[in-house]
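Asks: Residue 15 is where the sequence shown starts when you use the numbering used here, and the numbers rise one by one after that.
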Amino acid sequence: MGIVTNTAEAAESWTLDVGDEGIHLILSEQEVAASDILGDRLSGQSLTLSMLAPSASLPSQLVSEAKAIILEVMPDDEASMRRLAALRAAHPALLVVAAVRNAEIPLVRALLRSGINDVLPLPLQASELTAILDHLRAEITAKGGQNVKTGQLVSIIKSVGGVGATTIATQAASLHARSVRQAGERVCLFDFDIQFGNAGTFLSITSPLTLADLLQGGNRVDRELLGSVTLETPTGLHVVTAPTEIMPLEAVNAEQVFRVVELAQRNFDTIYLDLPGNWTNWSMSLVARSEVIFLVCELTIASLRQARRQIALLRDQGIDPARIHVIANRVEKKLFRAIGLADAAAALDHPVNLSIANDFPLVSSALDQGVLIQELKARSRICKDMADIVDCAMQAVEARRQAEKG
Numbered sequence: 015m016g017i018v019t020n021t022a023e024a025a026e027s028w029t030l031d032v033g034d035e036g037i038h039l040i041l042s043e044q045e046v047a048a049s050d051i052l053g054d055r056l057s058g059q060s061l062t063l064s065m066l067a068p069s070a071s072l073p074s075q076l077v078s079e080a081k082a083i084i085l086e087v088m089p090d091d092e093a094s095m096r097r098l099a100a101l102r103a104a105h106p107a108l109l110v111v112a113a114v115r116n117a118e119i120p121l122v123r124a125l126l127r128s129g130i131n132d133v134l135p136l137p138l139q140a141s142e143l144t145a146i147l148d149h150l151r152a153e154i155t156a157k158g159g160q161n162v163k164t165g166q167l168v169s170i171i172k173s174v175g176g177v178g179a180t181t182i183a184t185q186a187a188s189l190h191a192r193s194v195r196q197a198g199e200r201v202c203l204f205d206f207d208i209q210f211g212n213a214g215t216f217l218s219i220t221s222p223l224t225l226a227d228l229l230q231g232g233n234r235v236d237r238e239l240l241g242s243v244t245l246e247t248p249t250g251l252h253v254v255t256a257p258t259e260i261m262p263l264e265a266v267n268a269e270q271v272f273r274v275v276e277l278a279q280r281n282f283d284t285i286y287l288d289l290p291g292n293w294t295n296w297s298m299s300l301v302a303r304s305e306v307i308f309l310v311c312e313l314t315i316a317s318l319r320q321a322r323r324q325i326a327l328l329r330d331q332g333i334d335p336a337r338i339h340v341i342a343n344r345v346e347k348k349l350f351r352a353i354g355l356a357d358a359a360a361a362l363d364h365p366v367n368l369s370i371a372n373d374f375p376l377v378s379s380a381l382d383q384g385v386l387i388q389e390l391k392a393r394s395r396i397c398k399d400m401a402d403i404v405d406c407a408m409q410a411v412e413a414r415r416q417a418e419k420g
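Encoded structure:
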């Protein structure tokens, strides 16, 4: 056992290394002092204790080497909450436990909904830490070094209704599935617009089983049921269609949503989520877990105003703006448009690097036939624009793989 001081940090920042099982405990100086974990209280346990301020950035090497992290969180400190959200989003396969003082039940539920694996009360007691360490060790052992698949989430949200988000979701997901099919990768599209979802219609597919069967399946939801609900299109895209009957947004159980999505992540490499226009706790949590967030808008004042509000909301939730990719849909040729992409970026205070050319007859024909636009006019400008969206998602996949390799 020894203390390793990180000279790159402030003097009060240090690491106590006890074993090498990849379990890290990160506390502030005050919480270390308030705990009873030092001395011989953790005899026989293996973990690395790092002392960092609740809002301090996490060392990248520490995170890349970790299999589990117990992290102090201060709910009333925005920087501390952003740190937690960023850790969860950047490392979806990592076991994360939030250590919190005076954690009320609503806060605990919110943390669990956001993808945190467990919550530990502060000040930290050796007996409680030992119990959570045993649990984490069992989880790590269960994974057993296996290559457990954790598919990437790609969320599609909209500035306002009718901007073409579902069209982009179905077309981009289909292109993505076709492009990775030979490599053995699997892509799935979930239509989470439980009231007005049209993904199945746009792809000309129907099924007696829908998302509703998964949301109402409780503990019966498993790989077999997921396989029964999904339909495979000719491009290789697997689709879970929206419920046939309109469901109230508040009737959806958030924990069941997360159970379904986590199951999908274990069975698919990339999961596109076509989300409803109205925000819920569960839809915001899904966006927070997504590596890529496509925000679809049009180059109109009304649409851009709402898109700016959406971006502000996501930033307030601690979501990294770099994960938000604005797609300007139905963009006219320069000669005919009053608002350009540069104008839109200035209005949003956010880059607009993706756009879809306006070709209503071509898009309408493809949707009516339930086929890819590429199948009707492969050399069209709109096909290139769709390919750019897929490239953006695939580059994020590769970036995460490289990050996980270290």
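Glycine is no exception: its CB is placed at the ideal position from the N, C-alpha and C atoms.
For S173, which of helix, strand or coil comes out of DSSP?
Replies: For this step, residue 173 is matched to residue 159 along the sequence shown. It is coil, neither helix nor strand.
Asks: What's the gap between the Cα of P137 and the Cα of T164?
Replies: Locating residue 137 in the sequence shown gives position 123, counting from the first residue. Locating residue 164 in the sequence shown gives position 150, counting from the first residue. Their Cα atoms are separated by approximately 33 Å.
Asks: Which residue spans inside the segment 350-391 form an unbroken alpha helix (DSSP H) run of at least 4?
Replies: 355-362, 374-383 and 387-390
Asks: Using three-state DSSP, classify L109 as helix, strand or coil.
Replies: Start at 1 with the first residue of the sequence shown, and residue 109 comes out as number 95. Reduced to three states, the DSSP call for L109 is strand.
Asks: Using the rule of at least 16 other Cβ atoms within 10 Å of the residue's Cβ for burial, across every protein chain shown, is A237 buried or exposed?
Replies: Within the sequence shown, numbered from 1, the residue matching residue 237 stands at position 223. Before going further, note that residue 237 is Arg rather than Ala in the sequence given. Burial call: exposed.
Asks: At which residue ranges does the segment 72-136 contain complete alpha helix (DSSP H) runs of 4 or more residues, listed in the order of the chain?
Replies: 74-79, 92-104 and 119-127
Asks: Can you give me the start and stop residues for the alpha helix (DSSP H) that V181 sits inside?
Replies: Numbered from its first residue, the sequence shown carries residue 181 at position 167. The amino acid occupying residue 181 in the given sequence is Thr; Val does not appear at that position. Here the alpha helix (DSSP H) through T181 covers A179 to V194.
Asks: Is the segment 90-101 touching the segment 319-336 in the sense that three or more CB pairs, one from each, lie closer than 8 Å?
Replies: yes
Asks: Verify whether the separation of the beta carbon atoms of L167 and R303 is less than 7 Å.
Replies: As a first step, residue 167 must be located in the sequence shown, where it is residue number 153. As a first step, residue 303 must be located in the sequence shown, where it is residue number 289. Less than 7 Å divides the Cβ of L167 from the Cβ of R303.
Asks: Checking 7 Å against the spacing of the C-beta atoms, do A268 and W296 come in under that value?
Replies: Here residue 268 is taken as the residue at index 254 of the sequence shown, counted from 1. Here residue 296 is taken as the residue at index 282 of the sequence shown, counted from 1. It is a contact, given that the beta carbons lie within the stated cut-off.
Asks: List the whole-angstrom C-beta distance separating R273 from V243, where the pair is believed to meet the contact cut-off of C-beta under 8 Å.
Replies: Start at 1 with the first residue of the sequence shown, and residue 273 comes out as number 259. Start at 1 with the first residue of the sequence shown, and residue 243 comes out as number 229. Contact doesn't hold; Cβ gap of about 14 Å is too wide.
Asks: For G178 and V306, which I take to be in contact (beta-carbon distance under 8 Å), what is that distance rounded to the nearest angstrom?
Replies: As a first step, residue 178 must be located in the sequence shown, where it is residue number 164. As a first step, residue 306 must be located in the sequence shown, where it is residue number 292. Incorrect: roughly 18 Å between the Cβ atoms, too far for contact.
Asks: Please report how far the alpha carbon of A410 lies from the alpha carbon of K81, in whole angstroms.
Replies: As a position in the sequence shown, residue 410 is number 396, starting the count at 1. As a position in the sequence shown, residue 81 is number 67, starting the count at 1. Their backbone Cα atoms lie some 22 Å apart in a straight line.
Asks: Could you spell out where the alpha helix (DSSP H) holding N233 opens and where it closes?
Replies: Looking up residue 233 in the sequence shown gives position 219. Here N233 belongs to no alpha helix (DSSP H), and DSSP marks it neither H nor E.
Asks: Nearest CA to the CA of V404: which residue from Q383, I37, L381 and H339?
Replies: Against the sequence shown, residue 404 aligns to sequence position 390. Scanning Q383, I37, L381 and H339 for the CA closest to the CA of V404 turns up H339.
Asks: What ranges does the alpha helix (DSSP H) occupy inside the segment 214-267, keeping only unbroken runs of at least 4 residues that lie completely in it?
Replies: 225-229 and 237-243
Asks: L362: which of R319, F374, T284 and L229 sits nearest, CA to CA?
Replies: As a first step, residue 362 must be located in the sequence shown, where it is residue number 348. Comparing Cα-Cα distances from L362 to each of R319, F374, T284 and L229, the minimum goes to R319.
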